[in-house]
Amino acid sequence: MATALPASHSAYEYFCGVSEINENMRGIRQKLLFLYIVKEMLLYFFVCFLFLFFIFFVNNILLLAEDVLSKQAPFKDVALLMLYSLPAVIANAAPFAALIGTLMGIGRFVSDLEFLSMNALGISPRFLMVPVLLVGLLVSIVSFFTNDVLLPASAVNFRRVYWNIATSTPALELASYSVKRNRNAVVVTGLIKDGRIHNLLIVDKNADKAFRILGTQTAEIEKSDDPSIVMSLKMMHPHLLILDSSDKKKYDAVNGEAVTYNVLAKSIRSSYFNSIGPSEMSSFDLYKDIKEKQTQDEDKRILNLYWMEFHKKFSIPFGAFFFVLLAFAISSAGKVHNQGAGFFLGLLIAVAYWALFMGGQTLCLRLNWNGTSAMWVPNIMVFAASVVLLGKKLFR
Numbered sequence: 053m054a055t056a057l058p059a060s061h062s063a064y065e066y067f068c069g070v071s072e073i074n075e076n077m078r079g080i081r082q083k084l085l086f087l088y089i090v091k092e093m094l095l096y097f098f099v100c101f102l103f104l105f106f107i108f109f110v111n112n113i114l115l116l117a118e119d120v121l122s123k124q125a126p127f128k129d130v131a132l133l134m135l136y137s138l139p140a141v142i143a144n145a146a147p148f149a150a151l152i153g154t155l156m157g158i159g160r161f162v163s164d165l166e167f168l169s170m171n172a173l174g175i176s177p178r179f180l181m182v183p184v185l186l187v188g189l190l191v192s193i194v195s196f197f198t199n200d201v202l203l204p205a206s207a208v209n210f211r212r213v214y215w216n217i218a219t220s221t222p223a224l225e226l227a228s229y230s231v232k233r234n235r236n237a238v239v240v241t242g243l244i245k246d247g248r249i250h251n252l253l254i255v256d257k258n259a260d261k262a263f264r265i266l267g268t269q270t271a272e273i274e275k276s277d278d279p280s281i282v283m284s285l286k287m288m289h290p291h292l293l294i295l296d297s298s299d300k301k302k303y304d305a306v307n308g309e310a311v312t313y314n315v316l317a318k319s320i321r322s323s324y325f326n327s328i329g330p331s332e333m334s335s336f337d338l339y340k341d342i343k344e345k346q347t348q349d350e351d352k353r354i355l356n357l358y359w360m361e362f363h364k365k366f367s368i369p370f371g372a373f374f375f376v377l378l379a380f381a382i383s384s385a386g387k388v389h390n391q392g393a394g395f396f397l398g399l400l401i402a403v404a405y406w407a408l409f410m411g412g413q414t415l416c417l418r419l420n421w422n423g424t425s426a427m428w429v430p431n432i433m434v435f436a437a438s439v440v441l442l443g444k445k446l447f448r
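What follows is the structure, encoded as structure tokens:
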């Protein structure tokens, strides 16, 4: 049935109005579709993030249980340690959650034929890729903020709480069959059980810079009421050997019934508060530190390690963006047909990426490989694979 045109409007104006309405409707539909894809991607990201967060967090709990809880440290301080370890867990879990979540989400779109329906309606792959990449960029920014702002702050608090535990739980500073070094001494321990050390050797220097070697078969770990003393080692039947630094032929040997060796707080405090490494700095502070070391002609190997840590602060968080791009490329190439396949494929890619990343870091540490390259090669490989898989889809 034909529709009569209003007398006051020309045919041209009428069809222009209809065209404008169609354009507005199209814009509304695209907006709804955009938000729908973003919502689905975020949903799958959060599900995968909780899964990976649980794994990393449980791993931290097991490590704390071995080092701290097993030595009867205060539960309140242990809970604070767990709290301050959360930024590291979040920073590591987020990029891989973006990868697995995107593969699972797009896998559902493919299995439910939603992407096929969208393509049939004339929606280009480039439009579908925009909300997916936007989610990846958002995850990268949040992960970078966590890694660059929250992690350094939590590292300082972690050290402070750990110091409080160490001073309240003397046994925490010692471990069975280990070598502990502080500013003034080296402590070698055998089996530690029930507050007793079996076979203990201490090497330090006296006021005259002479080496002292103090050893015993049995020593008890005692807590001191003096805040300047972390712990006291009550040694039974000790043997002391003093070596004269000026004359190697001279030495003194002393045997005794018992002796108490006090571990001073100032001798180990520096290991908690004065040795903040590059991984615990913000990117801005680390960059300033690198520039300062360059003016001081610092060793090239040290500078390379610092540059590695600097680029690591960017490569891991923004790896989420490259992961999402790869996940979209794999799904667009028809390699993922359901959520289960996306989940297992995501895990395999995450393991391969982490192995490549850690391998590059090891080469940097041991063979002085370029730190910048070591941190960015995995992301470059992920990006290259994404471009190859996407192919002509980007230009349709």
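Per our numbering, residue 53 is the first one in the sequence shown, and the count goes up by one each step.
Even glycine gets a Cβ: it sits at the ideal position worked out from N, Cα and C.
Remember, it's a predicted structure, so these values are computed and weren't measured experimentally.
Check: Considering Cα atoms alone, identify which of K302, L408, I249 and P204 is closest to M287.; Outcome: I249
Check: Under the rule that 16 or more other beta-carbon atoms within 10 Å means buried, what is D304, buried or exposed?; Outcome: exposed
Check: So S425 is in the alpha helix (DSSP H); what residue range does that whole segment cover?; Outcome: G423 to L442
Check: Work out the CA separation of S335 and M156 for me, nearest whole Å.; Outcome: 33 Å
Check: Tell me the rounded alpha-carbon separation between L135 and L115.; Outcome: 14 Å
Check: Is T154 near V120, with beta carbons less than 9 Å apart?; Outcome: no
Check: Would you decide whether K365 is buried or exposed? Buried here means 16 or more other CB atoms lie within 10 Å of its CB.; Outcome: buried
Check: Following the continuous beta strand (DSSP E) through E274, name the residue where it begins and the one where it ends.; Outcome: F263 to E274
Check: Give me the DSSP bridge partner(s) of G230.; Outcome: Residue identity check: residue 230 is Ser in the sequence provided, not Gly. Looking at the DSSP assignment, S230 forms a beta bridge with T241.
Check: Indicate the three-state DSSP secondary structure (helix, strand or coil) for C68 in the structure shown.; Outcome: Annotation note: pLDDT 49 at C68 (below 50); position unreliable, coordinate value reported separately. In the structure shown, C68 sits in a helix (DSSP, three-state: H, G or I).
Check: Return the bridge partner residues of D256 from the DSSP annotation.; Outcome: A237 and R264
Check: Rounded to whole angstroms, what is the Cα-Cα separation between S383 and S192?; Outcome: 21 Å
Check: Select from K345, A143 and S297 the residue whose C-alpha is nearest the C-alpha of G371.; Outcome: A143
Check: Count the other CB atoms, across all protein chains shown, that sit within 10 Å of the CB of L95; report buried if there are 16 or more and exposed otherwise.; Outcome: exposed
Check: Below 8 Å on the Cβ atoms is my guess for L203 versus A140; work out the distance and round it to an integer in Å.; Outcome: 6 Å
Check: Per DSSP, what are the beta-bridge partners of V315 in this structure?; Outcome: M283
Check: Work out the CA separation of K352 and A385 for me, nearest whole Å.; Outcome: 45 Å
Check: Counting Cβ pairs, one atom from each stretch, are 3 or more of them under 8 Å apart for the region 352 to 363 and the region 158 to 175?; Outcome: no
Check: With 16 as the cutoff for other CB atoms within 10 Å, does E92 come out buried or exposed?; Outcome: buried
Check: Taking the beta strand (DSSP E) that L295 belongs to, which residues open and close that run?; Outcome: H291 to L295
Check: Rounded to the nearest angstrom, what separates C100 and F167 at their Cα positions?; Outcome: 22 Å
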